[in-house]
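**Student:** If you count the sequence shown from 1, position 84 lands on 298 in my numbering, and the numbers rise without skipping.
All C-beta atoms in this analysis are idealised placements derived from N, C-alpha and C, irrespective of residue type, glycine included.
Predicted, not measured: the structure shown is a model, and the values here were computed from it.
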Amino acid sequence: CNPDILIADEPTTALDVTVQKGILELIKKLQQKTGMSVIFITHDLGVVAEIADRVLVLYKGEIVEQGIVEPIFKNPQHPYTKGLLACRPPLDQRLKVLPTVDDFIQNSTSGANCEIKQIINQLVISSEERVYSHQRIYGNQPMISIENLNKIYPVRKKNLFEKRSYVHAIHDINLEIYEGETLGLVGESGCGKTTLGRTMIRLIEPSSGRMIYKGKDVNQLNFKELRHLRKDLQIILQDPYSSLNQRLTVGDMIMEPMSVHHIYDQSKQRKKHAIELLERVGLQEYHLYRYPHEFSGGQRQRISIARALAVNPKFIICDESVSALDVSVQAQVLNLLNELKQDFGFTYLFISHDLSVVKFMSDRMAVMQNGNIVELDDADTIYFKPKTLYTQKLISSIPKGY
């Protein structure tokens with residue numbers, strides 16, 4: 215219809231970086247071809263830097279800063295803008311925790327005028343700290359060993375006489391995961407990341423191959439042993455709204471797995487533990503009696519985390535668990551996951567299409583393409599010295615900002 219103005223409302227949210235780059239390039243080409251104006255609404259300031267000429271920053275319904283993109287990115291004035299720019303995981307440094315918008319807002323109200331570099335420099339992890347951490351993690355035997363794992367799906371035939379074809383979702387995966395580490399799993403949509411994660415915890419049955427968990431072959435476990443295994447292995451899904459039962463209160467959802475796995479004998483004890491978990495993930499006791507639709511996206515993801523923690527797991531799969539959140543909430547959830555890892559000694563498989571997030575979270579990183587792991591190494595090594603063209607393509611597609 216050849217519009218004069220195109221309003222693009224979060225068109226690249228939750229897309230992998232290569233698809234996101236393609237969408238941005240398409241919008242630019244259409245704009246150049248038709249001469250239309252574009253209002254691009256997003257929470258990702260890295261994307262703003264890629265596409266916008268001017269930027270308006272909204273906070274609590276008001277425009278708090280506006281102007282040409284480059285000056286605002288290089289010298290933001292409002293604490294909210296500073297917070298948005300700082301809470302995106304940096305690509306050239308490794309931080310202990312991510313700064314949050316609240317850090318800058320609180321500093322502003324207290325009269326302090328903290329700059330982004332000043333705060334980030336206080337949070338940098340030294341190379342010595344990282345080496346020591348890895349020596350502690352990788353000095354032991356693997357917690358999980360995956361050997362020649364395959365998952366094959368039949369493709370529906372178009373007619374009765376057509377030969378049956380198959381899709382190899384994951385192909386001969388060999389992988390070791392060590393206790394206490396965070397292994398990042400990255401790749402484009404449809405590459406097999408989620409299938410691999412769900413196959414590992416037996417939400418999907420593998421076509422062939424096996425997984426060894428703490429010396430035991432998972433395929434050989436009986437029903438009772440498999441039930442105990444499910445207690446040890448938990449998953450936090452991408453969309454907390456669809457993964458939470460809308461008919462149950464938050465308290466019922468958290469206490470239900472405790473009941474199934476016989477954790478605590480009395481409901482009073484389970485309720486007490488549920489309250490402790492809610493408070494640990496940054497919620498309050500009164501949230502116990504509310505329903506999922508009464509919460510924001512970030513709060514619902516915190517509830518999903520509390521539910522996963524209810525059975526005292528050892529290994530947690532985070533499957534795109536922050537991809538649908540805006541960057542300020544994303545930083546809070548990522549910091550929370552790392553805090554919980556430090557407190558409880560969890561091991562994470564962190565699945566995401568966002569390399570900057572995976573790099574921040576991970577000790578090692580695995581890159582998947584078409585059901586295969588094409589690269590596996592230290593997360594920093596992969597980012598700074600990628601070996602495959604596919605990994606280089608993923609890294610080059612990350613919005614860099616200014």
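With a 10 Å radius around its C-beta and 16 neighbouring C-beta atoms as the bar for buried, classify residue 369 as buried or exposed.
**Tutor:** With fewer than 16 other Cβ atoms within 10 Å, it is exposed.
**Student:** Under the assumption that residue 512 contacts residue 474 (Cβ atoms under 8 Å), give the Cβ distance between them as a whole number of angstroms.
**Tutor:** Going by Cβ atoms, the distance from residue 512 to residue 474 rounds to 27 Å, so no, they are not a contact pair.
**Student:** Excluding sequence positions up to five away, which residues of its chain have a Cβ less than 8 Å from the Cβ of residue 301?
**Tutor:** Hits under 8 Å: 312, 313, 314, 315, 541, 542, 544 and 545.
**Student:** I need the straight-line Cα distance from residue 592 to residue 352, nearest angstrom please.
**Tutor:** Approximately 12 Å between the Cα atoms of the pair.
**Student:** Hey, out of 440, 504 and 434, whose CA is closest to residue 467's CA?
**Tutor:** Minimum Cα distance to residue 467 is reached at 504.
**Student:** What is the rounded straight-line gap between the Cα of residue 558 and the Cα of residue 454?
**Tutor:** Approximately 22 Å, taken between the alpha carbons.
**Student:** Tell me the DSSP bridge mates of residue 352?
**Tutor:** Note: residue 352 sits in no beta bridge, so no partner.
**Student:** Which runs of the beta strand (DSSP E) at least 3 residues long sit entirely within the stretch 542 to 598? Give them in chain order.
**Tutor:** You should have 561 to 566, 578 to 583 and 586 to 592.
**Student:** Taking just the CA atoms, how far does residue 359 sit from residue 427?
**Tutor:** If I take the Cα positions, the gap works out to 7 Å.
**Student:** Does the structure place the stretch 401 to 409 close enough to the stretch 571 to 585 that three or more beta carbon pairs sit under 8 Å?
**Tutor:** Yes, the stretch 571 to 585 is in contact with the stretch 401 to 409.
**Student:** Going by C-alpha distance, which of 613, 388 and 518 is nearest residue 422?
**Tutor:** Residue 422 has its Cα closest to that of 388, out of 613, 388 and 518.
**Student:** Exposed or buried, residue 365, counting other C-beta atoms within 10 Å across all chains shown (16 or more means buried)?
**Tutor:** Buried, since its Cβ has 16 or more Cβ neighbours within 10 Å.
**Student:** Based on the DSSP output, what are the partners of residue 396 in its beta bridges?
**Tutor:** DSSP output for residue 396 lists 562 as bridge partner(s).
**Student:** Quick one: what's residue 273 bridged to in DSSP?
**Tutor:** DSSP output for residue 273 lists 276 as bridge partner(s).
**Student:** At which residue ranges does the stretch 289 to 336 contain complete alpha helix (DSSP H) runs of 4 or more residues, listed in the order of the chain?
**Tutor:** Listed in chain order, the complete alpha helix (DSSP H) runs (minimum 4 residues) inside the stretch 289 to 336 are 293 to 300, 315 to 323 and 330 to 335.
**Student:** Can you look up residue 466 in the DSSP assignment and give me helix, strand or coil?
**Tutor:** In the structure shown, residue 466 sits in a helix (DSSP, three-state: H, G or I).
**Student:** Alpha carbon to alpha carbon, what distance is there between residue 433 and residue 424?
**Tutor:** Whole-angstrom Cα-Cα distance: 6 Å.
**Student:** Go through its chain and collect everything with a Cβ distance to residue 277's Cβ below 8 Å, but skip five positions before and after it.
**Tutor:** Only 270 and 271 meet the Cβ criterion.
**Student:** Determine, using beta carbons only, whether residue 572 and residue 579 come nearer to each other than 8 Å.
**Tutor:** Against a cut-off of 8 Å, the Cβ pair of residue 579 and residue 572 comes out as a contact.
**Student:** Quick check on the DSSP output: the beta strand (DSSP E) that includes residue 414 runs from which residue to which?
**Tutor:** Here residue 414 belongs to no beta strand (DSSP E); instead the alpha helix (DSSP H) covers 407 to 414.
**Student:** For residue 465, which residues from the same chain have a beta carbon less than 6 Å from its beta carbon, with the 5 sequence-adjacent residues on both sides left out?
**Tutor:** Here the set comprises 488 and 502.
**Student:** Rounded to whole angstroms, how far is the Cβ of residue 417 from the Cβ of residue 384, which I believe are closer than 8 Å?
**Tutor:** At roughly 13 Å, the Cβ-Cβ gap does not stay under 8 Å, so residue 417 and residue 384 are not in contact.
**Student:** On the criterion of 16 or more Cβ atoms from any shown chain inside 10 Å, does residue 476 qualify as buried, or is it exposed?
**Tutor:** Under this definition residue 476 is an exposed residue.
**Student:** Consult DSSP for residue 629 and reduce its assignment to one of helix, strand or coil.
**Tutor:** A question about residue 629 goes unanswered here, because the residues of the chain that appear run from 215 up to 616.
**Student:** Could you give the residue range of the alpha helix (DSSP H) that holds residue 518?
**Tutor:** Element bounds for residue 518: 511 to 523.
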